[in-house]
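Asks: First residue of the sequence shown? That's 69 in this note's numbering, and the numbers climb one at a time after it.
For each residue, glycine too, the CB sits at the ideal point set by N, CA and C.
For clarity, every value in this text was computed on a predicted model and none was experimentally measured.
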Amino acid sequence: STDSGSYSIVVAKSGAQLSHTKIINLTVYVVLRIEIESSQTWVESTDSCKVHLVCRAPEDQSVSYTWSGYKNESGAELHFTLSPADGDVTLNCTAVGRFENGTKTTRVKCSPNKTPPGTNTNQ
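1. Is it the case that the Cβ atoms of T174 and L159 are separated by a distance below 8 Å?
2. Buried or exposed, going by whether 16 or more other CB atoms sit within 10 Å of the CB of A163?
3. Count the C-beta pairs between the region 99-106 and the region 165-174 that are closer than 8 Å, then say yes if the count reaches three, no if not.
4. For S116, I'd like the list of residues in its chain whose CB is within less than 6 Å of its CB, leaving aside the five on either flank, ordered along the chain.
5. Assuming contact is defined by CB atoms lying nearer than 8 Å, are V111 and A144 in contact in what I supplied?
6. Just mark A84 as buried or exposed, buried being the case when its beta carbon has 16 or more other beta carbons within 10 Å.
7. Using only CA atoms, which one of K118, V78 and T134 lies nearest to H88?
8. Pick out the complete beta strand (DSSP E) segments inside the region 106-165, 3 residues or longer, and give them in chain order.
9. Please report the straight-line C-alpha distance between Q108 and T95, rounded to a whole angstrom.
10. Count the other CB atoms within 10 Å of the CB of Y75; is the residue buried (16 or more) or exposed (fewer)?
11. Whose C-alpha, out of S72, T114, D156 and S130, is nearest the C-alpha of K139?
12. Quick one: using the 10 Å Cβ neighbour count with 16 as the cut-off for buried, is L146 buried or exposed?
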């Protein structure tokens with residue numbers, strides 16, 4: 069950011085010959101707009117869902133990603149298995165660059181994807 073840099077503060081008392089200077093280094097971070105794409109597949113043999121999440125910061129590709137919450141991992145993509153008994157789980161994706169960062173939260177729930185035979189799902 070153009071506001072980042074070194075700033076000096078000078079404190080001087082009127083009529084006095086003493087003054088004090090303090091240098092402050094300021095780094096201004098840009099808040100990234102983060103998107104999370106989520107997909108899941110029901111696996112009937114294990115009665116669970118395979119979950120795939122992708123975290124993206126469209127403004128800048130030179131960021132690193134970390135996941136926290138239900139799973140703690142590094143990287144833009146997250147794969148894990150979730151069962152209906154786990155209920156709603158919360159995941160946070162944080163993207164950090166040199167002068168920008170941002171966090172987005174999503175909730176994931178595994179629901180059985182069973183369609184009774186002969187049921188029309190195209191309504």
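Replies: Straight from the coordinates:
1. Along the sequence shown, one-based indexing puts residue 174 at 106. Along the sequence shown, one-based indexing puts residue 159 at 91. Yes, the pair counts as a contact, with Cβ atoms nearer than the cut-off.
2. For the purposes of this step, residue 163 is identified with residue 95 of the sequence shown, where counting begins at 1. Flag for A163 reads buried.
3. Taking 8 Å as the limit for Cβ pairs, the verdict is that the region 165-174 does touch the region 99-106.
4. Along the sequence shown, one-based indexing puts residue 116 at 48. Cβ neighbours of S116 beyond the five flanking positions: T149 and S151.
5. Translated into the one-based positions of the sequence shown, residue 111 becomes position 43. Translated into the one-based positions of the sequence shown, residue 144 becomes position 76. In this structure, A144 does not lie closer than 8 Å to V111 by Cβ.
6. Reading the sequence shown from its first residue, position 16 is the one you call residue 84. By the neighbour-count rule (16 or more Cβ atoms within 10 Å), A84 is not buried but exposed.
7. Taking the sequence shown and counting its residues from 1, one reaches residue 88 at position 20. Ranking K118, V78 and T134 by Cα distance to H88 puts V78 first.
8. 116-124, 132-137, 145-150 and 157-164
9. Along the sequence shown, one-based indexing puts residue 108 at 40. Along the sequence shown, one-based indexing puts residue 95 at 27. C-alpha separation (whole angstroms): 40 Å.
10. For this step, residue 75 is matched to residue 7 along the sequence shown. Around the beta carbon of Y75, fewer than 16 other beta carbons sit within 10 angstroms, so the residue counts as exposed.
11. Here residue 139 corresponds to residue number 71 of the sequence shown, with the count starting at 1. It is D156 whose Cα lies nearest to the Cα of K139.
12. On the sequence shown, residue 146 is found 78 positions in, with the first residue counted as 1. Buried: at least 16 other Cβ atoms inside 10 Å.
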